[in-house]
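2 protein chains.
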Amino acid sequence: MASQKILIIGGVAAGPKTAARARRLNPEAQITILEKGKYISYAGCGMPYYLSGQIHEFDHLYSTAYGVKRDPEFFKAERGVDVLTGMEAVTINRADKKVLARNVDTGEEQIFEYDKLVLGIGSNPITPPIENLGLKGVYRLNHLTDAVRIKEAMEAGEANDVVIIGSGFIGMEALDSVFSPMRAVTVVEFKETLLPGILDADLGQLLYKNLYEQGLEGRFGEKVLRLEGEDGRVTKVITDKGEIDAEMVILAVGVRPNVKLAQEAGLAIGETGAISVNEYMQTSDADIYALGDCVENTHLLSGKKVFAPMATYANRQGRIVGDNVNGGKSTFKGVLGTGVLHCMGLNIARTGLGEKQARDLGYDVETALISTFDMTHYHPSSSKVIFKMIVDKKTGKILGAQGLGKGEIAKRIDVVATQLYYGGTLDDLLNLDLGYAPPFSTPIDPIIHCGNTLKNKLDGVAKTYTAQEVQEKLERGEDFVLLDVRTPQQFNMRNIQDQRVQQLTLGELREKLDQVPKDKEVVTVCVMGSRAYEAARILEGAGFKDVKFMEAGMEGWPFDMD
Amino acid sequence: MASQKILIIGGVAAGPKTAARARRLNPEAQITILEKGKYISYAGCGMPYYLSGQIHEFDHLYSTAYGVKRDPEFFKAERGVDVLTGMEAVTINRADKKVLARNVDTGEEQIFEYDKLVLGIGSNPITPPIENLGLKGVYRLNHLTDAVRIKEAMEAGEANDVVIIGSGFIGMEALDSVFSPMRAVTVVEFKETLLPGILDADLGQLLYKNLYEQGLEGRFGEKVLRLEGEDGRVTKVITDKGEIDAEMVILAVGVRPNVKLAQEAGLAIGETGAISVNEYMQTSDADIYALGDCVENTHLLSGKKVFAPMATYANRQGRIVGDNVNGGKSTFKGVLGTGVLHCMGLNIARTGLGEKQARDLGYDVETALISTFDMTHYHPSSSKVIFKMIVDKKTGKILGAQGLGKGEIAKRIDVVATQLYYGGTLDDLLNLDLGYAPPFSTPIDPIIHCGNTLKNKLDGVAKTYTAQEVQEKLERGEDFVLLDVRTPQQFNMRNIQDQRVQQLTLGELREKLDQVPKDKEVVTVCVMGSRAYEAARILEGAGFKDVKFMEAGMEGWPFDMD
């Protein structure tokens, strides 16, 4: 085993990580990476920050923290790994344990032997059935060269009207890096809300409300049919509902696993279309491992296979494959779909199952949506955050959580992800001992506050409507009182314009209970939800029979965008 | 039960929280809070930010997020709770269920009946046996009035030489709020390192190194004997080792639970000296509950009783007592000693057991100390962080973690705290699905990186010395090679001055192996530890028999402070 040949196909993230770990464990192995592209071991996730100018040097995207470029010379000197760039693997001969590769420049072919083969061959951007994608001004954001081209176009002033097609992770990161109040930027999303695979529709609406206020134009439930151009340059995006001026188009409709090489070699492909691997990251051929964007993973909650091409999985799996090609038995247990991104000043994160996903899986779910501050409200750095949590009514198990806001979201979702790993219940969450000091949190952390609200709902202490439900009631013309308990100043800043709205501050409510009609349903509303909850309890205590409060208050209200 | 009398003694944090929850559950209860002080429901934890000027308005420390002062009128109007300030409870008559209280201004006595009594009577600052504590210029930082007095003194220019006695949470928060390069600030700590109850000694040393470089003077293992003054004002602090000029002295040697009232009423006091309660927060009298700083808690890892006066426990317990005085069965399971603070630009956090604590409890522990970036190193906001993790070798269970640095620490320690709640192992930690994007993390999160290092140590793949061990080897005059594999620039910036140091960059090492003496022990060192680990593996691969690397690199080296 000592001098075995470890051949790795793919040199972006999964491959180099595997090589580094394998080398540390086995000084004598012959480790070779074949990469068809020009760059290796680069930070694909860093492209948006290069585009936005936050990272000035292109080189930084493939340099170590100590400033050394991660090129083939680096891999040879520091890792003892042979890297061949511009070398595309063409076929795998499993019987003879050989890989035929071709130099992408010269066409020269070369055969590489292996004892263990590792496929870190990534994913490919999906090309949607849109006419004229070949026009100039049409970009993707999947490879380093894409980032360079977009940046050049922006610097050349060729990005005044930008249309981004798709609002998944890559679409939103592209948005974050190209958005400017000086540009007209439109996102066209085939589904009904932003980040449809990541955020539940209610959070997607709140996200859009915020981005809209910053100047983003969103088109939802709209399908791009074709592009139009002049002199070979794109000028318009034509959808099934209209047209949009476009000087730059960024295609971001997702990726699919790159499985050609594996499929042609007869390796098992899973139900998701990605390469099937066991918990040791072995394919159906025990001497061939696969990892990263080209494989499918097991969702720890649903038990189902999922295609989840995330950089963190590629890196963590690299360590596991590095162990196992050297005889180890390390395992990758599965994923929870945790994801986080930053877009136009907002932090966005999720873990576990979304509400609809959970319902589709047959769970009887309860949810809570809260708005609060990410640290003590009196601290000058405090910012608003929104959290949603989803729980299985039957077992009390938390199924997922999502967050959105200017404040700290990411690590609280990590806390929930940790919960989910252990199959923890809501009661467990409420017993967590999370750190508190004014610059970091509130005495009861926002994520526990969210859990408390959910528990109050399950216990029947808190009876709520979502903003969407209140909006539907208003639209249906139902007779009820929408009791706004904020201060007059807060009310005047922003309010729901409707005859059914009544104003009474929380401080007045106990004294003026007789002003609230007792024979009608009363829905209380405030800024973030806590005073409305208090008001609802006061009304119920006073004998009102049909009282609810609107979750997350006006902070959770996405319906006043023009 | 509906119209029962709930009497709450103490109006700072635990009491008001209890009252609010009890009221929401029971609209008809008669709820009364007695508070001997002037202010109620105030943010004691916010005092340092008021002192430092980050919070401008004193009122903000006891106002709601929507700007309403939390005074008795507020509690009456919004909560339906009667609050009597300046009213000190003197005795509890358990047989008759009555409390005798006295107006602190008029001396007038009044009797309050209860069905359920709640003690949220907090803690008192310890007065150490130091002579002349009555001099002017001597302060504490335990009550809002303390903060006001210190601020007035600073504004009057009476804080040029400041001595803080004690470096626990309150001492460090006082330091954070009074420190300025324009003042001479000294911390005198009886134990050997900063924050001795919170951080292990190695992190305490690294913390001090950083604060020292900013201008703090620390005196360790030093006991204050007396103060000296002129014209009734303090001028000097006299210790067992010398004297320090002092215009202002802040006493912060800790707090002890306020148990007088409970003790005199015959309620059980626990082994820690705090009030003993069960998981329902009931004292030895089932109709009397106690919570917050006056009670002892169960440590979830050691199973032992601990006195842990943290604001977050007071608040979480308030919810539980609010439930239970209304017939609920909510439980508080225990604590993990999670704590976090910000001091002079550094974030500091811990959870679970410290290394020494764990050893004292009989655990056979392994630890890892790492230095890394809190997000991708190429992101302009990335900052350095140090994490330490402690694991039980026998079971693989994680026992605790600590963090220190300018970057994000707090929420990663929360992730470990969540782990600890479930008794998770190191392998569990490595399987967590934490969110990644460049502005939030590294593809392998720092806390998982710490876990990987720990696993490498347990597996014998990583053999390390701590900085302290290397320093001891150097001081003992041992013959070994300290192989520095950083770039020459990095070496020249800061290095260990010793003949035994040899320089070879990691990139050169494979080619120049013959320059490293094979018959000596080799200890590799770099900036943060990762290149030194790589170098150690290269040397071992090349047949070197006795190789180790220094954990956390020069970032973990606290010994060059002058």
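Chains S and V, in that order, are what the protein sequence lines are.
So for the first sequence, the UniProt record's numbering puts the first residue at 1; every next one is plus one.
So for the second sequence, the UniProt record's numbering puts the first residue at 1; every next one is plus one.
Cβ coordinates follow ideal geometry from the N, Cα and C atoms, glycine included.
Nearest-angstrom Cα separation, counted from residue j out to residue i
| i | j | result |
| --- | --- | --- |
| residue 56 of chain S | residue 450 of chain S | 39 Å |
| residue 400 of chain V | residue 172 of chain V | 22 Å |
| residue 4 of chain S | residue 506 of chain V | 24 Å |
| residue 76 of chain V | residue 31 of chain V | 10 Å |
| residue 465 of chain V | residue 473 of chain V | 10 Å |
| residue 255 of chain V | residue 316 of chain V | 20 Å |
| residue 519 of chain V | residue 544 of chain V | 8 Å |
| residue 263 of chain S | residue 97 of chain S | 16 Å |
| residue 568 of chain S | residue 452 of chain V | Here chain S has residues from 1 to 562 only, and residue 568 of chain S is not among them. |
Classification of residue i by the beta-carbon crowding that lies within 10 angstroms, buried from 16 upward
| i | result |
| --- | --- |
| residue 309 of chain S | buried |
| residue 111 of chain V | exposed |
| residue 488 of chain V | exposed |
| residue 582 of chain V | Nothing can be reported for residue 582 of chain V: it is not among the residues displayed for chain V, which extend from 1 to 562. |
| residue 126 of chain S | exposed |
| residue 258 of chain V | buried |
| residue 389 of chain S | buried |
| residue 394 of chain S | exposed |
| residue 440 of chain V | buried |
| residue 196 of chain V | buried |
| residue 200 of chain S | buried |
| residue 154 of chain S | buried |
| residue 375 of chain S | buried |
| residue 559 of chain V | exposed |
| residue 240 of chain S | exposed |
Sequence-distant residues of the same chain with beta carbon closer than 7 Å to residue i, five excluded per side
| i | result |
| --- | --- |
| residue 215 of chain V | 181 |
| residue 64 of chain S | 70 |
| residue 359 of chain V | 365 |
| residue 384 of chain S | 371, 373, 405, 406, 407, 555 |
| residue 563 of chain V | The requested residue 563 of chain V is not part of the displayed model; chain V covers only 1 to 562. |
| residue 253 of chain S | 126, 128, 165, 166 |
| residue 598 of chain V | Lying outside 1 to 562, the shown extent of chain V, residue 598 of chain V is not represented and no answer is given. |
Cβ shell of residue i (< 6 Å), same chain only, five flanking positions each side left out
| i | result |
| --- | --- |
| residue 319 of chain S | 21 |
| residue 361 of chain S | 302 |
| residue 445 of chain S | 434 |
| residue 295 of chain S | 274, 275, 277 |
| residue 349 of chain S | 340, 403, 409, 410, 413 |
| residue 442 of chain V | 376 |
| residue 179 of chain V | 185, 344 |
Residue i, enclosing alpha helix (DSSP H) - first and last residue
| i | result |
| --- | --- |
| residue 448 of chain V | 446-458 |
| residue 416 of chain V | 410-421 |
| residue 47 of chain V | 47-51 |
Residue i, enclosing beta strand (DSSP E) - first and last residue
| i | result |
| --- | --- |
| residue 291 of chain S | Residue 291 of chain S -> no beta strand (DSSP E), and no H or E assigned at all. |
| residue 563 of chain V | Within the shown structure, residues of chain V are numbered from 1 to 562, placing residue 563 of chain V beyond reach of any answer. |
| residue 443 of chain S | First-last for residue 443 of chain S: undefined, no H or E at that position. |
| residue 338 of chain V | No beta strand (DSSP E) contains residue 338 of chain V, which DSSP labels as neither H nor E. |
| residue 550 of chain S | 547-550 |
| residue 357 of chain V | Not the beta strand (DSSP E): residue 357 of chain V falls in the alpha helix (DSSP H), residues 355-360. |
| residue 99 of chain S | 98-103 |
Chain-order list of residues whose beta-carbon lies under 8 Å from that of residue i (same chain, five-residue window excluded)
| i | result |
| --- | --- |
| residue 146 of chain V | 47, 139, 140 |
| residue 131 of chain V | 225, 226, 227 |
| residue 304 of chain S | 298 |
heavy atom of the ligand ADP below 7 Å from residue i C-beta
| i | result |
| --- | --- |
| residue 536 of chain S | Among the components modelled here there is no ligand, and therefore nothing to report on the ligand ADP. |
Check: Is it a yes or a no for the segment 23-40 of chain S touching the segment 82-93 of chain S, going by three-plus beta-carbon pairs under 8 Å?
Finding: Result yes; three or more Cβ-Cβ pairs closer than 8 Å.
Notebook entry, point to check: Are the segment 327-337 of chain V and the segment 140-150 of chain V touching, with three or more C-beta to C-beta distances below 8 Å?
Noted result: At 8 Å Cβ cutoff, the stretches do not touch.
Notebook entry, point to check: Per the contact definition of three or more C-beta pairs closer than 8 Å, is the segment 456-463 of chain V in contact with the segment 543-560 of chain V?
Noted result: These segments touch.
Note to self: Below 8 Å, how does it come out for the segment 476-490 of chain V and the segment 499-518 of chain V: are there three or more Cβ pairs, yes or no?
What the structure shows: In this structure the segment 476-490 of chain V touches the segment 499-518 of chain V; the number of beta carbon pairs closer than 8 Å is three or more.
Margin query: With three or more beta-carbon pairs closer than 8 Å as the criterion, would you say the segment 227-247 of chain V touches the segment 154-168 of chain V?
Written below: The segment 227-247 of chain V, when compared against the segment 154-168 of chain V, does touch it at the 8 Å Cβ threshold.
Check: Does the segment 128-136 of chain V come close enough to the segment 205-214 of chain V that 3 or more CB-CB pairs lie under 8 Å?
Finding: The segment 205-214 of chain V and the segment 128-136 of chain V do not touch, with fewer than 3 CB-CB distances between them shorter than 8 Å.
Check: Taking three-plus beta-carbon pairs below 8 Å as touching, is the segment 236-255 of chain V in contact with the segment 280-291 of chain V?
Finding: They do not touch, by the three-pair rule.
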